[in-house]
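Visitor: Have a look at this one before I ask anything.
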Amino acid sequence: MTTGTCIDENAFGLLFAYHHIEDEEYALEREEFVKRFTAFREAILEHAQASPLGAGAVCFELGHALYFEIADGDQSVDLLAWLRAAAARLRERDFVVTAVLTHGGRWIDESARDLPRVSAPHPGLVLLR
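My numbering puts the first residue of the sequence shown at 23, with every later residue one more than the last.
Here you go:
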């Protein structure tokens with residue numbers, strides 16, 4: 023719980039949703055699906071490491087999607103070009119994705135420097151049937 027004050031700041035969000043995740047989960051053997059799901063996640067994270075969004079960028083793992091957030095003004099790249107390049111990397115690996123660039127506000131703890139990295143449990147735990 024935050025004990026200090028929160029402020030509202032402008033931020034960009036970049037969402038990459040694995041569009042056919044449910045179809046592939048039921049069509050593939052479990053081991054094959056886990057490999058495919060892991061490849062989806064790794065492809066996006068490799069892109070983020072090769073071309074960082076900027077200082078203070080965070081990644082939220084949502085299971086079916088990854089969501090990157092960065093404060094407006096902290097970006098070090100053209101975000102639309104970055105989004106398109108990441109989506110192209112996924113298409114090269116035969117993933118159908120929904121990629122969305124958003125802009126809006128986020129609430130942050132005024133005393134905190136960065137948001138924590140938030141993630142789901144290990145993919146193997148999420149993928150239990």
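Think of the CB as a built atom: it goes at the ideal place given N, C-alpha and C, for glycine as much as any other residue.
Which one of Val118, Leu75, Trp129, Ile130 has the shortest CA to CA distance from Gly95?
Guide: Start at 1 with the first residue of the sequence shown, and residue 95 comes out as number 73. Comparing Cα-Cα distances from Gly95 to each of Val118, Leu75, Trp129, Ile130, the minimum goes to Leu75.
Visitor: Since Gln97 sits in a beta bridge, which residues does DSSP pair it with?
Guide: In the sequence shown, residue 97 corresponds to position 75, counting from 1. Beta-bridge pairing links Gln97 to Gly76.
Visitor: Give every residue of the same chain whose Cβ lies closer than 7 Å to the Cβ of Leu102, excluding the five residues on either side of it in the sequence, and list them in chain order.
Guide: What you label residue 102 is simply residue 80 of the sequence shown in a count that begins at 1. The answer, listed in chain order, is Leu123.
Visitor: What residues in its chain sit with their C-beta under 6 Å from that of Ser98, if we drop five residues either side in the sequence?
Guide: On the sequence shown, residue 98 is found 76 positions in, with the first residue counted as 1. The residues are Gly76.
Visitor: Hey, out of Phe90, Ser73, Phe117, Trp129, whose CA is closest to Tyr157's CA?
Guide: Any answer about residue 157 is impossible in this case: the structure gives the chain only from 23 up to 151.
Visitor: Which two residues bound the contiguous alpha helix (DSSP H) that contains Asp45?
Guide: On the sequence shown, residue 45 is found 23 positions in, with the first residue counted as 1. Start and end: 43–49.
Visitor: Quick check on the DSSP output: the beta strand (DSSP E) that includes His125 runs from which residue to which?
Guide: Indexing the sequence shown from 1 puts residue 125 at position 103. It spans 119–131 - the beta strand (DSSP E) in which His125 sits, taken as one unbroken run.
Visitor: So what does DSSP say about Leu36, is it helix, strand or coil?
Guide: If you number the sequence shown from 1, residue 36 lands on position 14. Of the three classes helix, strand and coil, the one that applies to Leu36 here is strand, per DSSP.
Visitor: Among Ala93, Asn32, Phe59, which one has its Cα closest to the Cα of Asp45?
Guide: Translated into the one-based positions of the sequence shown, residue 45 becomes position 23. Considering only alpha carbons, the answer is Phe59.
Visitor: To which residues of the same chain is Arg111 closer than 6 Å at the C-beta, ignoring the five residues directly before and after it?
Guide: Here residue 111 is taken as the residue at index 89 of the sequence shown, counted from 1. Cβ neighbours of Arg111 beyond the five flanking positions: Ala65, His69.
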